[in-house]
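Encoded as structure tokens, the structure appears first; notes follow it.
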Amino acid sequence: MDSAGSVTGWLHRLQDGDPAAMDRVWERYFLRLAGLARHRLPAAHRRLGREEDIALEAMASFWRGIEQGQFPDLAGRTNLWRLLVVITVRKAGRLVRDDARGAGARTQAWDLERLLDREPSPEFAAQAAEEWQHLLNLLGGDALVAVAKLRMEGHGTREIAARLECSPRTVERKLLLIQARWAAEVEP
Amino acid sequence: MSQKAAANFETLGFSRAVEVDRACDAFELAWKAGMDPRIEDFLTGIDAMASEAALRELIALDVYYRRLDYGRRFPEFTGDGLTDDGAAPRHPVATATR
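Same order as they appear, the protein sequences are chains X and G.
The numbers in this note's numbering rise by one with no breaks, and the one at position 127 of the first sequence is 127.
The numbers in this note's numbering rise by one with no breaks, and the one at position 83 of the second sequence is 83.
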């Protein structure tokens, strides 16, 4: 098991563009993300390998974001895991919407050869599903759970506000509370 | 060592943030019920360390719902010359160059 210090070290290397650090992210998180994606896909949208496609896309998006300096605050494992969870669940939500429009899923071409040489396991998938439910249970109130689910499905602040019939600032406030609650509890 | 009051919701500790969030929810509910609530009434009982952050949030909500109310009462008014948060009027030239 990594110590917090070594994790911090490879997070810094990741932000410096070190591909070996991306391998570490892969090793630690891919299986969990695939399991999470499987849990987030409604049964009608599940097909062989789709959750892995979503996890791959999430990893690719994450790497592109790193390269473009979009994630300056990866100061710890909690933030990294949260970010990956958000990216993955959003992609699952988009895939479902694409299905509804007939567009189908598109896998990113980024480094597939490097990423495809690992197999997800049912144990990790179950663990990720439990982790997702645990995250929701931590929130307690219905309003926070509703905001978290909509956000994870890829909806923006104003869209969530419209759906919940509240102000955009209220949504932002709930998101800050969710972030604070999860930050105290989530560990990869 | 004395603690410094948080000026923003983002810098509140979790328990105080929950407290402020509840006050804001109650305030918003009152607006949605058409009650034209007073901010002062919703600051009562808020921890002194969180009162500035609470006031900031309540004013933001108040501005938001007042703008909605103005939109309903004066549908012909476009809001040109007001900032996004409606807090202060701006000269149209300054607004156009933002």
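For every residue, glycine included, the Cβ atom is placed at its ideal position computed from N, Cα and C.
Values in this document were obtained by computation on a predicted structure and should not be read as measured data.
Asked	Found
Locate the alpha helix (DSSP H) running through Asp18/X, then write down its first and last residues.	That residue, Asp18/X, is in no alpha helix (DSSP H); it is neither H nor E in DSSP.
Given a cut-off of 8 Å, decide if Met49/G and Arg16/G are closer than it, judged by their beta-carbon atoms.	yes
Ordered along the chain, which non-local residues of its own chain (more than five positions away) have a Cβ less than 7 Å from that of Leu115/X?	Low confidence applies to Leu115/X: its pLDDT is 38, below 50, so where it sits in the model is not reliable enough to give any reading.
Beta-carbon within less than 6 Å of Met152/X's beta-carbon, same chain only, minus the 5 sequence neighbours each way: which residues are those?	Val89
Excluding the 5 residues flanking Met22/X on each side, which residues of the same chain have their C-beta closer than 7 Å to its C-beta?	Leu14, Trp63
Out of Arg22/G, Ala33/G, Glu40/G, which has the shortest C-alpha to C-alpha gap to Asp142/X?	Arg22/G
What's the call for Thr44/G, buried or exposed, on a 16-neighbour Cβ count within 10 Å?	exposed
Is the CB-CB distance between Arg28/G and Leu61/G below 8 Å?	According to the sequence displayed, residue 28/G carries Glu and not Arg. Cβ distance < 8 Å, so Glu28/G and Leu61/G count as in contact.
Under 7 Å from any heavy atom of the ligand GTP, does the C-beta of Cys24/G make it?	Annotation note on the ligand GTP: not contained in the displayed structure, which lists no ligands.
Three-state secondary structure (DSSP) at Ala109/X?	The pLDDT assigned to Ala109/X is 36, lower than 50, so where the model puts this residue is not dependable, and the model offers no usable value.
Which residues in chain X sit within 8 Å of Asp21/G, going by Cβ to Cβ distance?	Arg173, Lys174, Leu177
Using C-beta distances below 8 Å, list every residue in its chain close to Arg163/X, excluding the 5 sequence neighbours before and after it, in chain order.	Leu150, His155
Within 10 Å of its beta-carbon, does Ala109/X have 16 or more other beta-carbons around it, so buried, or fewer, so exposed?	Interpretation of Ala109/X is limited by its pLDDT of 36, a score under 50 that renders its predicted location unreliable; the figure taken from the coordinates is listed afterwards. Ala109/X should be labelled exposed.
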